[in-house]
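Residue numbers (our numbering): 58 to 381.
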Amino acid sequence: MAEKQLLSFQVDEQFDLFLLLKGADVKTAKNGKQFIRMTFEDPSGELSGNFWDATDQDIATFEPGKVVLVRGKKELYQGNSQLKIMNLRLANTSEPNDPSQYVAHGPMTRAEMEESVSNIIFEITEPTWNRVVRTLLQRHADDFYNFPAAKKNHHAFAGGLAYHTISIVRLAKTVADLHPNIDRSLLYSGALLHDLGKTIELSGPISTTYTLAGNLIGHIVLIDEEIVNVCQELHFDPESEEMLLLRHMILAHHGLLEYGSPVRPHLLEAEVLHDLDELDASIQMMSTAVEHTEPGDFSERIFGLDGRNFYRPTASKTNQSEDD
Numbered sequence: 058m059a060e061k062q063l064l065s066f067q068v069d070e071q072f073d074l075f076l077l078l079k080g081a082d083v084k085t086a087k088n089g090k091q092f093i094r095m096t097f098e099d100p101s102g103e104l105s106g107n108f109w110d111a112t113d114q115d116i117a118t119f120e121p122g123k124v125v126l127v128r129g130k131k132e133l134y135q136g137n138s139q140l141k142i143m144n145l146r147l148a149n150t151s152e153p154n155d156p157s158q159y160v161a162h163g164p165m166t167r168a169e170m171e172e173s174v175s176n177i178i179f180e181i182t183e184p185t186w187n188r189v190v191r192t193l194l195q196r197h198a199d200d201f202y203n204f205p206a207a208k209k210n211h212h213a214f215a216g217g218l219a220y221h222t223i224s225i226v227r228l229a230k231t232v233a234d235l236h237p238n239i240d241r242s243l244l245y246s247g248a249l250l251h252d253l254g255k256t257i258e259l260s261g262p263i264s265t266t267y268t269l270a271g272n273l274i275g276h277i278v279l280i281d282e283e284i285v286n287v288c289q290e291l292h293f294d295p296e297s298e299e300m301l302l303l304r305h306m307i308l309a310h311h312g313l314l315e316y317g318s319p320v321r322p323h324l325l326e327a328e329v330l331h332d333l334d335e336l337d338a339s340i341q342m343m344s345t346a347v348e349h350t351e352p353g354d355f356s357e358r359i360f361g362l363d364g365r366n367f368y369r370p371t372a373s374k375t376n377q378s379e380d381d
């Protein structure tokens, strides 16, 4: 029998488990003592817990990206799961200490995602958009197919960035079939590039953090700058109508100014891209939460969905597929 993974354990069930230390944020408790807010990860997902009364040596030792052996148990706090840490040490050289073995991955292989993206690009018939999209995806290919789509919320697993992108294009094809007035080339181009700036904004799939550029500028502006630079390299005018339309798709895809978009959508295709981006992210967050919920119970609250929780029916397609 395969070894149980982090999210397979029940509440109050104790375990000794090798895990990746994904995050370690030093904080100060009300009593003035330091503690570390730790986030642990394995292929099943992630769970957070507090390492109390941390010394300066503990803070120096337990850095994100290290594999650790954790003795602990899952607890509930205000309706959400957390890990109670009983003992913690670094994995040694004779133990499974490769961080890449503890990172969650998406449902598609890199080869499958590359083939899907290649097929999508062939459907972009506007030549300048096709050239810009192809150039940028080739330039950022390794990171695009390996990075998560976010540090924590949606598609926060290795390959999640490309998988989220492909999912949006699949949704876009269905919408375009129902509404033939939509410019498919513009919608597909915007979908393929909308989050590509996260290859600059984020540090990578292991213990993901925000880079300096990510914190100070953000992925929306970063990829717009990349588009302008590629236009200059390819001798396209970045101020032409074609390129302004494509750049607007990227700049408006968060929908609201308070969510990071410098402009709200003013194109049909930009509004559709924003809506599909929200839809795919929401479905993934809900699906992950419900997957780790017992039938007949409500999931934990999801921060990215206004703190709502979601019910897992006792008889559903998800449950039936597990029994087949």
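Glycine included, every Cβ here is placed at the ideal spot set by N, Cα and C.
Residue span of the alpha helix (DSSP H) that contains residue i, given as start and end
i, result
"Gln67", "Taken as a continuous stretch (DSSP letters only), Gln67 belongs to no alpha helix (DSSP H), as it is neither H nor E."
"Phe179", "Arg167 to Phe179"
"Ile340", "Leu325 to Glu348"
"Arg227", "Gly217 to Leu235"
"Asn286", "His276 to Leu291"
"Ala270", "Leu269 to Leu273"
"Phe201", "Ala198 to Asn203"
"Arg241", "Arg241 to Leu250"
"Pro310", "A small correction: the amino acid at residue 310 is His; Pro does not occupy that position in the sequence shown. No alpha helix (DSSP H) holds His310; DSSP gives it neither H nor E."
"Thr118", "Asp113 to Thr118"
Residue i burial status per 10 Å Cβ neighbour count (16 or more: buried)
i, result
"Thr371", "exposed"
"Tyr159", "buried"
"Asp381", "Unreliable placement is indicated for Asp381, whose pLDDT of 45 sits below 50; the coordinate value is still reported in the next sentence. Answer is exposed; the Cβ neighbour count stays below 16."
"Arg365", "exposed"
"Arg304", "buried"
"Ser378", "With a pLDDT of 45 at Ser378, under the threshold of 50, the modelled position of that residue is not reliable, and the figure given next carries that caveat. Exposed: under 16 other Cβ atoms inside 10 Å."
"Ala117", "exposed"
"Ala86", "exposed"
"Gly353", "exposed"
"Lys90", "exposed"
"Ile307", "buried"
"Gln135", "exposed"
"Leu249", "buried"
"Gln341", "buried"
"Pro184", "exposed"
"Phe293", "buried"
Endpoints, beta strand (DSSP E) assigned at residue i
i, result
"Gly254", "Note, Gly254: premise wrong, no beta strand (DSSP E); not H, not E."
"Val124", "Val124 to Tyr134"
"Ile142", "Asn137 to Leu147"
Whole-Å CB distance - residue i paired with residue j, under 8 angstroms assumed
i, j, result
"Tyr202", "Glu171", "7 angstroms"
"Asp110", "Phe92", "7 angstroms"
"Asp99", "Leu133", "Contact doesn't hold; Cβ gap of about 20 angstroms is too wide."
"Ile280", "Leu253", "5 angstroms"
"Leu193", "Val287", "6 angstroms"
"His236", "Ile257", "That pair is no contact at about 33 angstroms."
"Val125", "Arg94", "Not a contact, Cβ separation roughly 15 angstroms."
"Leu314", "Arg321", "7 angstroms"
"Ile239", "Glu326", "6 angstroms"
Beta bridge counterpart(s) of residue i as assigned by DSSP
i, result
"Asn107", "Arg94"
"Asp99", "Gly102"
"Phe355", "Tyr368"
"His162", "Ala215"
"Leu77", "Glu98 and Val124"
"Val83", "Ile93"
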